[in-house]
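Residue numbers (full-length UniProt numbering): 1 to 277. Glycine included, each C-beta is placed from N, C-alpha and C at the ideal position. Encoded as structure tokens, the structure appears first; notes follow it.
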Amino acid sequence: MNSVIRVEGLNKSFGGKQVLFNMGLAVQPGEMVALIGASGSGKSTLLRHLSGLACGDKHGGSSISVMGRSVQSGGQLSGQVRRLRADIGYIFQQFNLVGRLSVLRNVLLGCLGRMPRWRGSLGLFTPEEKQLAMASLERVGLADYAHRRASTLSGGQQQRVAIARALTQRAEVILADEPIASLDPESARKVMDILADINEKDGKTVVVTLHQVDYAARYCKRVVALKSGHIHFDGSVDALDGLFLNDLYGGDLDTSLVLASHTARTPARPSMSLIAA
Ligand SMILES: Nc1ncnc2c1ncn2[C@@H]1O[C@H](COP(=O)(O)OP(=O)(O)OP(=O)(O)O)[C@@H](O)[C@H]1O
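Structure representation (structure tokens):
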């Protein structure tokens, strides 16, 4: 099967300090992969390279492609990276919404990558685009909030708006960088439920960086663990036992939490219809 994301030989340095080392990664279409690792291990940096928000070092002949199209190679962004970004939805820890705009306007911004620039700059969206944006808001349980200012929503709601924007973008690949790091447990669960639903029902490929290993265990079958800029482990979530996590995090982790949720993973997650604002 052709990988939807392929990384080969990626090195990255900041001011002479190398932070990613010869990374290689292949993600298949429809996978939901958790990127875990201690703070500073390189998770966000790797994710930023996948969408061309950062460029690898020139040496080492690195290459990154998404959906068979080059994002960058040899430390240079591809000329088609802007077009390619239309297929990549990026979810940020701090949501990246325009607070003074309505929720619906924010979601419509997802259309910009696929419409003529002049129409985008005038904010002229077609009825079909508005319909898609409303359907995306419905999907994340926030249709009733469409005309509210984005800044008036809670953090969890804003993150769901950001996901609705990625849905409206019709992104095939969703990269989520610490999407639940600043959310309370209930909001975090809703956000992860939505990402899992999009992965399962729409077959979108999801790569999500997570600090909370219990969420990785609950929502992802595959885990890629980074340690000091190296891929330390890439395989089944079943490997997440206490010994493994102590080694990865240097003992700075409550593994009882992880193992409890890992074994309690079997009960089905609530259906999307149960996700309320
Ligand atoms: N723009 C930058 N300039 C200099 N150093 C950077 C920059 N971005 C990241 N780094 C360094 O790269 C390394 C990896 O950082 P990164 O943010 O990718 O780690 P992380 O695993 O995502 O951490 P966290 O979980 O805390 O977000 C760290 O040493 C960090 O200080």
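Self-check item: Cβ-based burial, residue 268 [other Cβ within 10 Å; buried from 16]
Solution: Note that residue 268 scores a pLDDT of 39, beneath 50, so its modelled location is shaky; the value from the coordinates is reported in the next line. With fewer than 16 Cβ atoms within 10 Å of its Cβ, residue 268 is classed as exposed.
Exercise. Within its chain, find whatever has a CB closer than 8 Å to the CB of residue 111; leave out the 5 residues flanking it on each side and keep chain order.
Key: 120, 125, 129, 132, 133, 168, 169
Practice problem: Whole angstroms is fine: what's the gap from residue 67's alpha carbon to residue 237's? | Solution: 25 Å
Self-check item: residue 59 in three-state terms, based on DSSP
Solution: coil
Practice problem: With a 10 Å radius around its C-beta and 16 neighbouring C-beta atoms as the bar for buried, classify residue 263 as buried or exposed. | Solution: The predicted model places residue 263 with a pLDDT of 45, which falls under 50 and marks its position as unreliable; any figure quoted below should be read in that light. Flag for residue 263 reads exposed.
Exercise. In angstroms with no decimal places, state the Cα-to-Cα distance between residue 172 and residue 153.
Key: 27 Å
Exercise. Look at the alpha carbon of residue 107 and the alpha carbon of residue 243, and state the distance between them as a whole number of angstroms.
Key: 43 Å
Quiz item: Would residue 5 pass as a contact of residue 50 if the rule is Cβ separation under 9 Å?
Solution: yes
Practice problem: Grab me the residues of residue 102's own chain with a C-beta within less than 6 Å of its C-beta, minus the 5 sequence neighbours each way, in chain order. | Solution: 147
Quiz item: Roughly how many angstroms separate the alpha carbons of residue 234 and residue 195, rounded to a whole number?
Solution: 21 Å
Exercise. Would you kindly report the start and end of the unbroken beta strand (DSSP E) that includes residue 23?
Key: 17-27
Self-check item: Outcome for residue 10 when other beta-carbon atoms lying within 10 angstroms are tallied against a minimum of 16
Solution: buried
Quiz item: Quick one: what does DSSP say residue 213 is sitting in, helix, strand or coil?
Solution: helix
Quiz item: With distances taken from CA atoms, which of 86, 222, 145 is nearest residue 27?
Solution: 222
Quiz item: Cβ of residue 161 within 9 Å of Cβ of residue 176?
Solution: no
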